[in-house]
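Heads up: the sequence shown runs through residues 1 to 160, numbered per our numbering.
Here a beta-carbon is modelled for each residue, glycine too, at the ideal position from N, C-alpha and C.
A quick write-up on the structure given underneath.
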Amino acid sequence: MTFPNYIATLPKPVKMFLFAFLVALSVGYFSGLNFVRQTESTTPQGVIENYNGNEDVPEAETMKFKKGKREMLTIIHTHILSISFIFFMLGILVWGTEQSVKFKTFLTIEPFVSVLLTFGGIYMLWLGYSFFSYVAVFSGTLMTLSYVLGVFVVLKDIFK
Numbered sequence: 001m002t003f004p005n006y007i008a009t010l011p012k013p014v015k016m017f018l019f020a021f022l023v024a025l026s027v028g029y030f031s032g033l034n035f036v037r038q039t040e041s042t043t044p045q046g047v048i049e050n051y052n053g054n055e056d057v058p059e060a061e062t063m064k065f066k067k068g069k070r071e072m073l074t075i076i077h078t079h080i081l082s083i084s085f086i087f088f089m090l091g092i093l094v095w096g097t098e099q100s101v102k103f104k105t106f107l108t109i110e111p112f113v114s115v116l117l118t119f120g121g122i123y124m125l126w127l128g129y130s131f132f133s134y135v136a137v138f139s140g141t142l143m144t145l146s147y148v149l150g151v152f153v154v155l156k157d158i159f160k
């Protein structure tokens, strides 16, 4: 099975358009990651505190409270939809690169699994299953690595 490797053969103005899209998309993606860092949600304990609060920790620097059900559903709903769309658009571009079918399959399927594990894990830890904070952190990290690799392989073909 072969797929057209169309990115490298596109006219320069189209490549410039794709480059601008990837830059804007990456600014948005990494702004979101910066927000995660600001809320100290990059560790399992930080994720737990961000969604379940830390009012039982008297020495906490910043008081955080358990999020309500509507807020959790809104967070999960908007993030799953928007991040899935990001990876759908990036996946279309990845399939147009000169990478192996196996690698492209991984780069285009894995992020959807990670989106579900990350936000499903966040919901499960909010329900009281704290172990899922590890699932959320691990899958979120893997999702980001897939994003970076996907953008890299597309940029590589754009600059050919």
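Residue 53 carries a strand assignment under DSSP once its states are collapsed to helix, strand and coil. Ranked by Cα distance from residue 61, the options 98, 100, 39, 43 are led by 39.
Taking C-beta separations shorter than 8 Å and ignoring five residues to either side along the sequence, the partners of residue 33 in its chain run 144, following chain order.
By the Cβ test, the segment 124 to 143 is in contact with the segment 42 to 58, since at least three Cβ pairs between them sit closer than 8 Å. The C-beta distance from residue 97 to residue 157 rounds to 5 Å, short enough to fall under 8 Å. A buried status is given to residue 49, since no fewer than 16 other beta-carbon atoms sit within 10 Å of its beta-carbon.
By the neighbour-count criterion, in which a residue is buried when 16 or more other Cβ atoms sit within 10 angstroms of its Cβ, residue 51 is buried. In this structure, 147 is the residue among 28, 159, 95, 147 with its C-alpha nearest to the C-alpha of residue 113.
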